[in-house]
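J.:
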Amino acid sequence: MIDKQWSSAADAVADIPDGASLAVGGFGLSGNPMSLIEALHAQGTRDLSVVSNNCGVDDWGLGILLGSQRIRKMTSSYVGENKEFERQFLEGDLELELTPQGTLAEKLRAGGAGIAAFFTQTGVGTQVAEGGLPRRYNADGTIAVASPAKDVRTFAVHGDEREFVLEEAITTDFALVHAALGDRHGNLVFNKAARNFNPLAAMAGRVCIAQVEKLVEPGEIDPDHVHLPGVYVHRIIEVGPDIEKRIERRTVRATEGA
Numbered sequence: 026m027i028d029k030q031w032s033s034a035a036d037a038v039a040d041i042p043d044g045a046s047l048a049v050g051g052f053g054l055s056g057n058p059m060s061l062i063e064a065l066h067a068q069g070t071r072d073l074s075v076v077s078n079n080c081g082v083d084d085w086g087l088g089i090l091l092g093s094q095r096i097r098k099m100t101s102s103y104v105g106e107n108k109e110f111e112r113q114f115l116e117g118d119l120e121l122e123l124t125p126q127g128t129l130a131e132k133l134r135a136g137g138a139g140i141a142a143f144f145t146q147t148g149v150g151t152q153v154a155e156g157g158l159p160r161r162y163n164a165d166g167t168i169a170v171a172s173p174a175k176d177v178r179t180f181a182v183h184g185d186e187r188e189f190v191l192e193e194a195i196t197t198d199f200a201l202v203h204a205a206l207g208d209r210h211g212n213l214v215f216n217k218a219a220r221n222f223n224p225l226a227a228m229a230g231r232v233c234i235a236q237v238e239k240l241v242e243p244g245e246i247d248p249d250h251v252h253l254p255g256v257y258v259h260r261i262i263e264v265g266p267d268i269e270k271r272i273e274r275r276t277v278r279a280t281e282g283a
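Per my numbering, the sequence shown starts with residue 26, numbered consecutively.
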């Protein structure tokens with residue numbers, strides 16, 4: 026039997042070294058692997074290069090690692106909701122590789138599928154393809170590192186000649202993901218919006234560590250219900266259903282007649 030269950034989040038992340046690259050699931054604050062992030066923060070790991078859709082908020086999600094200046098570089102598609110992120114980037118403390126969201130998703134998926142690169146129309150005619158996007162600033166506000174130009178080629182699609190930009194796949198040393206349900210073989214099921222970047226991040230990591238709200242025995246999950254097969258998952262911990270889950274903004278309106 027291939028039992029991938031680990032006793033704790035601290036044990037599961039203990040061998041993640043300084044300078045490691047991480048693919049981390051989550052979209053906004055939905056589906057963030059908080060127990061694993063907190064364990065990584067507690068052990069003091071730093072100089073991390075992180076690939077994730079966004080970087081949490083100032084005091085939650087990846088924001089807790091960022092706030093302690095544990096992250097050296099972010100590869101993301103959205104960088105709002107986090108004032109500390111803005112400060113570190115503009116003051117030259119953080120490198121940012123800003124990537125279109127669909128492209129980021131495909132870069133992770135391609136990495137997990139063993140595809141080295143792919144061509145896409147997204148970004149053609151912009152700085153994404155032409156280069157020059159600031160990746161790191163100097164303290165005086167000048168650009169220290171800018172994105173390079175990418176290979177652009179023309180292909181015929183449905184009889185039309187179109188330009189496509191070459192995007193390289195992403196693989197990382199480790200992946201941290203959150204799922205609603207998993208078994209000890211690593212098969213995972215995600216709940217609604219938490220099925221965002223989590224499966225893609227899991228695929229891209231050489232070692233994938235998953236936290237699940239409920240852990241069951243192999244065979245208890247209908248194979249047709251599995252969102253991510255256990256072949257991509259190497260370690261799994263159970264965190265229980267009562268973990269704290271936050272949202273970025275709560276919007277409510279008064280009930281009529283109240």
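C-beta: ideal position from N, C-alpha, C; glycine also.
Since this is a predicted model, take the numbers as computed values, not measurements.
1. What whole-angstrom Cβ distance do threonine 179 and glutamate 188 have, given they're in contact under 8 Å?
2. Run through DSSP, which three-state label would isoleucine 168 get?
3. I believe arginine 160 touches threonine 196 by the beta-carbon criterion, under 8 Å. Please report the beta-carbon distance rounded to the nearest angstrom.
4. Run through DSSP, which three-state label would glutamine 236 get?
5. Is the beta carbon of phenylalanine 215 sitting closer than 7 Å to the one on alanine 204?
6. Closest to alanine 194 by CA distance: which of Asp165, Ala226, Val202 is it?
7. Quick one: using the 10 Å Cβ neighbour count with 16 as the cut-off for buried, is lysine 108 buried or exposed?
8. Going by DSSP, which residues form a beta bridge with histidine 183?
9. Less than 7 Å between the C-beta atoms of alanine 235 and leucine 213, yes or no?
10. From what residue to what residue does the beta strand (DSSP E) around glutamate 120 run?
11. Ordered along the chain, which non-local residues of its own chain (more than five positions away) have a Cβ less than 6 Å from that of glycine 53?
12. Can you give me the C-alpha to C-alpha distance between threonine 70 and histidine 252, rounded to a whole angstrom?
13. Valine 190: buried (16+ other C-beta within 10 angstroms of its C-beta) or exposed?
14. So, serine 285 versus glutamine 126, is the Cβ gap smaller than 7 Å?
15. Is the beta carbon of alanine 229 sitting closer than 7 Å to the one on glycine 166?
16. Please list the terminal residues of the continuous alpha helix (DSSP H) segment that includes glycine 127.
17. Of the residues Asp267, Glu269, Gly211, which one's Cα is nearest the Cα of glycine 244?
18. Identify, in the order they occur along the chain, each residue of the same chain with its Cβ nearer than 6 Å to the Cβ of glycine 81, setting aside the five sequence neighbours on each side.
19. Where does phenylalanine 110 sit, in a helix, a strand or coil, going by DSSP?
20. Might you give, ordered along the chain, the residues of its own chain that have their beta carbon closer than 6 Å to the beta carbon of aspartate 198, omitting 5 neighbours on each side?
21. Go ahead and pull the three-state DSSP assignment for glutamate 155.
22. Rounded to whole angstroms, what's the CA-CA distance from valine 237 to arginine 97? Just pull it up for me.
23. Please report how far the alpha carbon of leucine 91 lies from the alpha carbon of alanine 174, in whole angstroms.
24. The beta strand (DSSP E) spanning alanine 204 covers which residue range?
25. Three or more C-beta pairs under 8 Å: does that hold for the stretch 29-41 against the stretch 255-264?
T.: On the basis of the supplied data:
1. 6 Å
2. strand
3. Not a contact, Cβ separation roughly 20 Å.
4. strand
5. yes
6. Ala226
7. exposed
8. In DSSP, histidine 183 forms no bridge with anything.
9. yes
10. 120-123
11. Glu273
12. 30 Å
13. buried
14. Nothing can be reported for residue 285: it is not among the residues displayed for the chain, which extend from 26 to 283.
15. no
16. 126-138
17. Gly211
18. Leu87, Gly88
19. helix
20. Ala45, Ser46, Arg231
21. helix
22. 28 Å
23. 28 Å
24. 197-208
25. yes
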